[in-house]
Amino acid sequence: MFNRLTKASVMAQDLLFATLDPTMRAIDLPSGVRLILSDTVGFISDLPTQLVAAFRATLEEVLEADVIIHVRDIAHEDTDAQRVDVIKVLGELGLKDDDTRPVIEALNKVDLLDEDDCLDAQALARLTQTGRIGTLAEPVRVAISAQTGEGVDRLLDLVEEALTAEHERVTIRLPSPFGAARAWLHGRAEMIDETQSGDDLIMTVRLSKKTEGQFFKQFPEASAATAEELSERRA
0 MFNRLTKASV MAQDLLFATL DPTMRAIDLP SGVRLILSDT VGFISDLPTQ
50 LVAAFRATLE EVLEADVIIH VRDIAHEDTD AQRVDVIKVL GELGLKDDDT
100 RPVIEALNKV DLLDEDDCLD AQALARLTQT GRIGTLAEPV RVAISAQTGE
150 GVDRLLDLVE EALTAEHERV TIRLPSPFGA ARAWLHGRAE MIDETQSGDD
200 LIMTVRLSKK TEGQFFKQFP EASAATAEEL SERRA
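Residues in the sequence shown are numbered from 0 upward in steps of one, following numbering that gives the first Met the number 0.
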């Protein structure tokens with residue numbers, strides 16, 4: 000699935016610990032918003048304690064994510080038990096049922112199901128896609144096939160909906176020289192408008208509170224545009 004989304008060629012074999020370290024790639028969503036996709040080590044039931052400790056730092060990458068995509072092998076005979084194992088490990092890492100972080104379950108390998116089971120998986124997914132943002136306790140689901148590409152576009156739509164659900168419109172003044180700050184925003188926010196104001200640049204974007212905080216931390220010389228400046232732009 001990671002390779003399908005990123006058009007990369009990361010090792011993707013059904014082997015124990017085929018993925019040991021997080022692999023990260025940038026991808027562009029349909030709206031043009033760029034995000035970083037991270038593929039973590041696989042979750043395995045009854046993993047020895049010493050191995051859990053060894054991989055803890057790798058698994059904890061999940062806790063830094065803005066959206067969690069749980070890729071399930073829906074064609075596996077123990078798919079439900081595997082889901083329970085993942086929820087258990089996430090809980091041990093500190094992600095509890097009451098966590099409001101967006102969670103999407105990608106029901107992968109529908110191409111390996113017979114017709115009736117495939118229809119059941121698609122129906123299960125549709126039941127959860129009600130315009131809400133999924134959580135660990137009640138994830139949004141989408142039926143997909145990394146092999147054929149079925150459902151991948153819908154998965155990306157759900158990711159974008161989850162990422163932008165709480166985005167706010169913000170207008171920012173960037174003093175000259177503003178090239179680095181402008182590029183940073185173009186790579187992480189939805190662009191609405193930008194206008195030159197003397198030597199400065201005033202940009203209106205949509206972004207999350209988290210991203211806004213990261214921006215002002217990295218570019219303290221930037222500032223939120225004042226009400227007077229906004230009024231002048233509308234005049």
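For glycine and all other residues, C-beta sits at the position ideal for the given N, C-alpha and C.
Counting other Cβ atoms within 10 Å of its Cβ, GLU211 reaches 16 or more and is therefore classed as buried. The residue from LEU58, SER144, LEU157, VAL141 with its alpha-carbon nearest to that of LYS87 is LEU58. Sequence-distant Cβ neighbours of ALA221 in its own chain, meaning closer than 6 angstroms and more than five residues away, are ILE171, LEU173, ALA180.
The DSSP-derived three-state label of GLN128 is coil. Shown here, ARG100 sits in coil according to DSSP, grouped into three states, outside any helix or strand.
Per DSSP, the unbroken alpha helix (DSSP H) holding GLN213 starts and ends at 208-217. Shown here, ILE26 sits in a strand according to DSSP, grouped into three states. Comparing alpha-carbon positions, the option among ALA136, ALA142, LYS216 lying closest to LEU118 turns out to be ALA142. ILE103 and VAL139 have their alpha carbons spaced roughly 5 angstroms apart. For GLN195, the pairing in a beta bridge is given by DSSP as LEU200.
Of all alpha-carbon atoms in ASN2, LEU36, LYS6, THR22, the one lying nearest the alpha-carbon of GLU159 is that of LEU36. Taking 8 angstroms as the upper bound for CB-CB distance, LEU106 and ALA124 are in contact here, some 6 angstroms apart.
A residue is called buried once 16 or more other Cβ atoms fall within 10 Å of its Cβ, and LYS108 is buried on that count. ALA161 is positioned such that its CB atom lies no closer than 9 angstroms to that of ASP77.
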